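These notes concern the structure reproduced below.
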Ligand code: HEM
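In our numbering, the protein residues as written are 113 to 340.
Put into structure tokens, the structure is as follows:
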């Protein structure tokens, strides 16, 4: 217990926690995107995938609660580090000697806050169905079973111009957050050395570009009516 307390109290320990929780959240985002890209395979493929995800109640709620707890720790620890950094440097330097790091850390905090509100809205809208009554009621037949028609929920929900625009803005925030964040994970865990430095940079950047293109494509095809 004392060891856990010591990890949360030291800033090195908290950076480790940020890296580990950040890695878990990033893994979710990439798996979620791969799942969502099944939209391009048609209604049956996406609806089958959605049914599979919800087929085991214990697993579904285990993963939802686990993900929620990880996100909460990531946010609380990030805010504690940010407050501490600000308190340690109450006066701005007359000449800013670290313009890049300052800009990156400001972007991380602002982007993180924007992503938090986007995810809250996204879950209430597409999973909870509480923001647009009737949106998540769509049903489709999968063999002889009636299932939730996630394909048409996504097309209609994200195809709305205002909603689609919010997805595009959220994608930009997420891509910027991960552009800096993915590389930082390796640095915080002490895995970014002189030998692997360039490989890590290019692999993480390629992953973010893939995420950016994939996540922009979905709202664009929905808004432009390319997928119906
Ligand atoms: C174009 C982009 C996206 C699409 C099409 C999409 C689609 C969906 C859909 C359809 C659901 C509801 C699943 C269901 O209840 O059947 C969902 C849930 C969710 N999405 Fe997304 N999503 C997108 C982006 C994101 C992003 C960027 C994040 C996080 C940063 C995210 C986080 C979540 C979370 C946490 C849930 C709740 C998972 C659950 O209920 O088990 N999504 N998404």
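Ideal Cβ placement from N, Cα and C applies to all residues, glycine included. If you're wondering where the values come from, they're calculated on a predicted model, not measured in any experiment.
So residue 227 and residue 285 are supposed to be a Cβ contact under 8 Å. How far apart are they, rounded?
Numbered from 1 along the chain shown, position 115 holds the residue referred to as residue 227. Numbered from 1 along the chain shown, position 173 holds the residue referred to as residue 285. The Cβ separation is near 6 Å, so the contact holds.
Ligand 1 and residue 272: does any heavy atom of the ligand fall closer than 6 Å to the residue's C-beta?
Walking along the chain shown from the start, residue 272 turns up at place 160. Not so, every heavy atom of ligand 1 lies at least 6 Å from the Cβ.
Check residue 250 in the structure and name its three-state DSSP category.
By one-based count along the chain shown, residue 250 stands at place 138. Residue 250: coil per DSSP, three-state reduction.
Have a look at residue 319 and residue 340 and give me their C-alpha separation to the nearest angstrom.
The residue labelled residue 319 in the question sits at position 207 within the chain shown. The residue labelled residue 340 in the question sits at position 228 within the chain shown. In a straight line, the C-alpha of residue 319 is about 28 Å away from that of residue 340.
Round the Cβ separation of residue 196 and residue 123 to the nearest angstrom and send it over; I've been treating them as touching at under 8 Å.
The residue given as residue 196 occupies position 84 in the chain shown. The residue given as residue 123 occupies position 11 in the chain shown. Correct: roughly 7 Å between the Cβ atoms.
Candidates 156, 139, 234, 120: closest to residue 188 by CA position:
The sequence position of residue 188 within the chain shown is 76, counting from 1. For residue 188, the nearest C-alpha among the options comes from 120.
Looking at ligand 1, does it come within less than 6 Å of residue 239, judged from the CB to the closest heavy atom?
Position 127 of the chain shown, counting from 1, holds the residue named residue 239. Checking every heavy atom of ligand 1 against the Cβ of residue 239, one is found closer than 6 Å.
Please look up how many angstroms separate the CB atoms of residue 73 and residue 262, rounded, as I've assumed it's under 8 Å.
With the chain covering 113 to 340 only, the question about residue 73 has no answer from this structure.
In or out: residue 279 buried (at least 16 other Cβ within 10 Å) or exposed?
The residue given as residue 279 occupies position 167 in the chain shown. Counting Cβ neighbours within 10 Å, residue 279 comes out buried, since at least 16 surround it.
Given 8 Å as the limit, is there contact between the segment 250-270 and the segment 169-181, that is, 3 or more CB pairs closer than that?
no
Taking Cβ positions, are residue 297 and residue 135 nearer each other than 7 Å?
Walking along the chain shown from the start, residue 297 turns up at place 185. Walking along the chain shown from the start, residue 135 turns up at place 23. Going by C-beta atoms, residue 297 is nearer than 7 Å to residue 135.
Considering just the uninterrupted stretch of the beta strand (DSSP E) at residue 259, what are its terminal residues?
Residue mapping note: residue 259 aligns to position 147 of the chain shown, counting from 1. Start and end: 257-260.
Below 7 Å CB to CB, which residues in the same chain sit around residue 315 once its five sequence neighbours on both sides are set aside?
For the purposes of this step, residue 315 is identified with residue 203 of the chain shown, where counting begins at 1. Hits under 7 Å: none found.
Taking Cβ to Cβ, would you say residue 247 is nearer than 7 Å to residue 240?
Taking the chain shown and counting its residues from 1, one reaches residue 247 at position 135. Taking the chain shown and counting its residues from 1, one reaches residue 240 at position 128. Going by C-beta atoms, residue 247 is not nearer than 7 Å to residue 240.
Report yes if the C-beta distance between residue 283 and residue 328 is below 7 Å; otherwise report no.
Indexing the chain shown from 1 puts residue 283 at position 171. Indexing the chain shown from 1 puts residue 328 at position 216. Yes, the pair counts as a contact, with Cβ atoms nearer than the cut-off.
Cβ atoms of residue 250 and residue 264: under 7 Å apart, would you say?
Reading the chain shown from its first residue, position 152 is the one you call residue 264. Reading the chain shown from its first residue, position 138 is the one you call residue 250. In contact: residue 264 and residue 250 (Cβ atoms closer than 7 Å).
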